[in-house]
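Notes follow the structure.
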C-alpha cells in the first residue's frame, strides 16, 4: 500500500501548482475479502474516489466498494482519516466438520491510518456449531468502551431478535461457540496495529450444555422457563430412568446429578431459584451462613432465598462480609448488581419488607422475628460464596447502626421517664446504657441497642455540627448531609457558627427565599428553621423561618446557631444555605428582604418576640422595594421598656439621604418609594418590668403613576409604530387612548395618547415602519432608507424599523449600501454578526434573506413589493442612511444579485427564503463578475429538489459573453458537485410549481488564479532549446581537443637486440634533459594485452595502430649484466626544440620513471593509474605492477622481416 499526498490530476508542472488537501492510497485486498470505504454522516462533503486506469479519471462517491485481489488507487478528498470509515468483510463458510478459511486472518497494513471495522459472518449448516479459538490474549466481556483501540462484538440471532455481546482484550474468554448467521466484528481505532491472525475456526455437531449439581436436603433448586426461545430441553438420568422437560425442574437432596440441556445457552431460556432453610435458636443458627456455589449457575439469572426462622424475643443479625448495603424505596430498582429484599414478620403478624442495593453504609442488619432474605442476581454477576452470616441473640430491643460524619455530635435524649427504655452502646469492657441521654462523638460505625422495640416514639435525636470561620472564610456550608440518620425519629439538626467578635456570619438563602413566622410555630412542610445568636446576656432568637418568602439573607454577629426541626417519618427536603463571613457590624442581626412586586403585606417581629428584645442592642432590616411601587410601614403591636438611659429609637435611612428617627408611637413612613433601611435600637432597660417587643408589617402596592406619552404622526403620514408587551411581568399595563391593550398600533398620520403603568423598558418592544411607494414611474426619485425622528416621550429603545417599498408592475427595486459599498447574505457558514442587520421580505410573506454590510453583493434587484427591516443596538447613534433604494426598469427575473466575489474567503450564495424554499414559479439570478486573472470554482453545497407538479426546476450557468450554457440541470438530474468557470458568468435558478418538497440551494464560489498553459509550454521549449545549444557547444570543443591531441602524437622505435652498443657508455645529456624517458604513446594491446580478452577492441582502434607495431614499446631483452652508466652533471638548461611532448601537455599518462638497477627485475607500480579502469586489474586487492624488464620472462621471438 502506498501513501501519497495527491495533486490535481492532469497537471504535471509541480512548480506552478499547490498541493491539494487530500490523501491517495494504493491498496489491494485479499481474496474473499470485501472492502467498503465510506465517509461519515457528519462529513458529507468528504467523498472517496477511485483513479481509473485510462486518463487517470476519478470515480467519486460517499460509499466505495473495492474489488478483491485488484490493486486500485483510492483518493480521499478530505485530509483527515477520521472523516471516513473502512469496513472489511469476510465470510467464514463451514460444513459439518470444517470451516473455510480455518485461520481467520487480517491485512494489518490495509488502511492502517483509518478507523476500521473487520466483520466475519458465519455460514454453517443447521445444528452445527462453529468454534472460534481466540489466539493470543483472551477476551473480556464488557458493556463499557475499550481503552486500547480494540473492541470486539459478537451478534447472534435468537428468536426474532438480535443479541449483541461486547468484548475487550485481556480477559479469560478464549473460545466462542457460534451458530449460523452469527457475526463477529472488530472495531479498530486509527493508527492501531492489528495482529495478522486472530481466530482458529472449527466446526462440529451441535451439543447441549451439561451442568453437574449437588443439592442438600435443606435446599431446593427450581429451574423454570422464562422464554420460549431458544428451543431447549432439560433432561436427567440415563436409559429408562431418563426424564426430559421443557418447562420446569425441581431438585432437592441429590448428589452429582447431571443436568443436560439441548441448547448451547440454556441461561437464555431458564432461570434458577434456590431456596434454603435456616433454623435459629436464641443463641445460634444452622447453617450459620447463607452460601452458594458462585460458579455453578453464574451464567443464569438467579433468585436466592433463605427462609430464616427465629424464636420469639430473638434478635437476628445478618452480617455482610464484603458488600455494604443502602436502603432504597419500594418502587426503585438497583441500577447494577444484585438486589436484596429482607421481609420480617412482626409480632402482630404484619410483614415489613425493605429493599437494598450495594454501595451503602450498612454492613449488618438487625432483625426481629421470622425473616426471609431474597437476593436477585442478574446473569453473569460475580458473587461471593458467603452472602451473609447469621447470629441469633435474645431480643433486647431495637438495634440501629449509625456512622456520624466527622466533626458531628449526635445526642439521643428523651423527655419522659416512661416507658422503660434505655439506649445502649458497646464499649470496653462492657456495654454502656443510658436512660435519658447518649452522646456519640466518634465518626466510626456504632451500633445502638434500644431495650424497647419502638424507641422512635420515646427518644429525640439532635445532630450537631460546629463550623469555625476565620476572618475571610468558613470551613463548610450548611448542608443536611446527615439527613439519612435516624429517619423515623424526631430530629433536630443544629449548626453552631462562630466568627471573630466584631464580625458577622452571613447566611444566603436560595430562591424563593425564607418567610419569618412567629416563634414556636411550625412550618407547613414541617421543616422549621430557627436562628439563634449568643449574647453576653444570653441567647436571643433572631427568628423562625419557613421555605418560600422574601427574606434573602441574614447576618448574625459573632456566635450563633441554625437549627432545623423535622418530625419522624417525614421525608427530608432541606434548604442548603450558603455560609460566608460578613462585614464588621455592631448590629445583633441584619435581615435583608426583597419585597415582592404587586400587592403584598409581609410581617416581621423583633428578636425573642413575644419575649423582650436584648438590652442596648439593635437590629437592622434592609428592604429592597421593586420599582414603581410604594411601601408603607405599620406597627401592629409593641411594648415600650423603662429605659435607664437613652431611648428606644426606630431609624429609617434611604440611599444618599439622611437618617430619620422616630419613636414607637410616632407615625411611620407611608406611600414611599425606593429601597430603605430600618433599624430598631433598644436602650438599657429595667429588667424587672416589661421589655421591648415589636411586631410590624411592610405593605407594598403599585405606585399608580403611569408614564404618559402623546405620539403625533400627523406630520409623518407614512410612518407608523407598534408597541408590544414582551415581558412576563403581570403588573405591566399599557393603554392607548385610555383603552388597555397588550399591543399598541399607532397608524400612519394619526395621533394617540399612550400610557405605561409599571412597565420597565425591557418588558416592552417598540417597532416602527414607513411606506415608500412609487406609483408614477417618471417621478420616482432615489430613496435613502433612514429612520425618522420619533417622539421623545417614548422612553423604550427602538427595536427595529421597517421600510415597505411599493412599485408598479413594470419596475424594479435596486438596493445598495451607500456607506460600505457591498452587502453580505447571512447563510449557514457565513452568519452575520455585525451591529446592523437587514431582513428583506416579499409582500407575499416569502423571505428574500438576511443581510449585513461588507460582503460580495454589490447590488440587490427585486421585481416585487418588498419590506426591509433594519435592526441595530442603538438607532439614535446611526446618522447616515442604512440603504439606498432606486427604482429602475423591469427585469425578467424575480431577483438579481450583482456579485463580486472576494479573494480572501469563499462566497456563499443562498436562494431566497432559504432553507424553506423559493416561491413557486419564481426565478433568481446571480451575475458574478470575476477579477482579471482569476477563475471561479463553483460548488453546489446544498441542493434540495421538490417533486414538481407543473414545469421543472432549473439550474443554469453560462458566460456573460456567450449564450452557450455550460451547465443546465433539472430536478430529475444530478447536479455537478464542482464546476470550474474561467471568467465572469451568469447563474440562474428557477422553481417549478411543487407538488411535494421545496426547491433551494446554497452555492459556494472560490476564486483561483488562472494557469497560463501556453506560457508554460513556451518556457519549457525555450529551456530545452538552450540545453541543446549548450550540449552542442560542449561536444564541439571536446571533438576539437581530441583532434589536436591526435595530430601531436609521436612514437619511438626500438630495434631488435641490445639497446646498448659497445661504444655507448654514457648519455650525452643528463637524464632529466635528454627525453630518453618520454614516450608519445604506449600500445595498450602490447602492454596490457592479457587484460583485453575481447578481440573487438583491436578492430575499434584507429588505423595507424594496426599492422606492424613500429611505435610500440618493446620489452627489454638485453644482457642480464647491465653496463654502469656514468652520467655527467646536469648542464645548464638552454632553449631548444623538443621533438616529443612534455608529459604534462599530453592526454596520455607519462611513462613511469624507471630505475635502472642491476637487479633481476625493473618492476615499478605507478599509483596514478590505480583508479583508471583501462589500466587496472579487476581485482583491486592485489598490487598491480608494470614490468619494464623481461629478465624474469621468456624471451620473445624476433620480429620477422615480413612484419617490417
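Residue numbers (the numbering used here): 5 to 1208. We put the CB at the ideal spot given by N, CA and C, even for glycine.
(1) Helix, strand or coil for residue 264 per DSSP?
(2) Whole angstroms are fine: how far does the CA of residue 1046 sit from the CA of residue 1031?
(3) Can we say the segment 96–113 touches the segment 30–50, given the rule of at least three CB pairs closer than 8 Å?
(4) Alpha carbon to alpha carbon, what distance is there between residue 306 and residue 488?
(5) With a Cβ-Cβ cutoff of 9 Å, do residue 903 and residue 865 count as a contact?
(6) Might you give, ordered along the chain, the residues of its own chain that have their beta carbon closer than 6 Å to the beta carbon of residue 348, omitting 5 neighbours on each side?
(7) Only counting the same chain, and skipping five residues up and downstream in sequence, which positions put a Cβ closer than 8 Å to that of residue 210?
(8) Quick check: the Cα distance between residue 19 and residue 113, rounded to an integer number of angstroms?
(9) Please tell me whether residue 703 and residue 635 are closer than 9 Å, where the distance is taken between their beta carbons.
(10) Tell me which residue opens and which closes the beta strand (DSSP E) that residue 890 is part of.
(11) Could you tell me the distance, in whole angstroms, from the CA atom of residue 681 to the CA atom of residue 605?
(12) What does the Cβ neighbour count give for residue 359, buried or exposed, with the cut at 16 atoms within 10 Å?
(13) Identify the residues that DSSP records as bridge partners of residue 103: which are they?
(14) Taking the beta strand (DSSP E) that residue 998 falls in, what are its first and last residues?
(15) Can the beta-carbon of residue 732 be found closer than 9 Å to that of residue 738?
(16) Just the Cα atoms here: how many angstroms apart are residue 528 and residue 519?
(17) Going by DSSP in three states, residue 6 sits in which element: helix, strand or coil?
(18) Report back the beta-carbon spacing between residue 773 and residue 724 to the nearest angstrom; my notes put them in contact at under 8 Å.
(19) Return helix, strand or coil for residue 68, following the three-state DSSP convention.
(20) What do you get for residue 531, buried or exposed, if any count of 16 or more other CB atoms within 10 angstroms of its CB means buried?
(21) By DSSP, does residue 302 sit in helix, in strand, or in coil?
(22) Give the DSSP-derived three-state secondary structure of residue 175 in the structure shown.
(23) Are the beta-carbon atoms of residue 861 and residue 834 separated by less than 9 Å?
(24) Under three-state DSSP, which class holds residue 469?
(25) Please go through the same chain and pick out, in chain order, the residues whose beta-carbon is closer than 8 Å to the beta-carbon of residue 207, but skip the five residues on each side of it.
(26) So residue 539 and residue 618 are in contact, right, with Cβ under 8 Å, and what is the actual spacing, rounded?
(27) Pull the bridge partners of residue 994 from the DSSP assignment, please.
(28) Once you ignore the five residues that flank residue 220 on each side, which residues in its own chain have a CB closer than 7 Å to its CB?
(29) Beta carbon of residue 425, beta carbon of residue 454: below 9 Å?
(30) For residue 1099, count neighbouring C-beta atoms within 10 Å of its own C-beta (all shown protein chains included) and say buried if the count is 16 or more, exposed if not.
(31) List the DSSP bridge partners of residue 562.
(32) Skipping 5 residues on each side, what residues in its chain have a beta carbon closer than 6 Å to that of residue 843?
(33) Excluding the 5 residues preceding and the 5 following residue 32 in the sequence, name in chain order all residues of the same chain whose CB lies nearer than 8 Å to its CB.
(34) For residue 253, which residues in the same chain have their Cβ closer than 6 Å to its Cβ, ignoring the five residues on either side in sequence?
(35) Among 524, 692, 631, which one has its Cα closest to the Cα of residue 609?
(36) Considering only DSSP beta bridges, list what residue 543 is partnered with.
Taking the definition as stated:
(1) strand
(2) 23 Å
(3) yes
(4) 31 Å
(5) no
(6) 356, 371, 373, 375
(7) 131, 132, 133, 183, 268
(8) Because residue 19 carries a pLDDT of 30, less than 50, the predicted location of this residue cannot be relied on, and the following value inherits that uncertainty. Taking the straight line from one Cα to the other gives about 33 Å.
(9) yes
(10) 887–893
(11) 17 Å
(12) buried
(13) 98
(14) 997–1000
(15) no
(16) 12 Å
(17) Because the pLDDT at residue 6 is just 47, under 50, the model does not fix this residue reliably, and the value given afterwards should be weighed accordingly. Of the three classes helix, strand and coil, the one that applies to residue 6 here is strand, per DSSP.
(18) 5 Å
(19) strand
(20) buried
(21) coil
(22) strand
(23) no
(24) strand
(25) 98, 99, 100, 101, 102, 103, 128, 132, 133, 134, 135
(26) 6 Å
(27) 927, 958
(28) 257
(29) yes
(30) Summary for residue 1099: the model assigns pLDDT 44, below 50, so the residue's position carries little reliability; its value from the coordinates is reported in the next sentence. Exposed.
(31) DSSP output for residue 562 lists no bridge partner at all.
(32) 854, 873
(33) 5, 73, 74, 75, 76
(34) 227, 238
(35) 524
(36) 538
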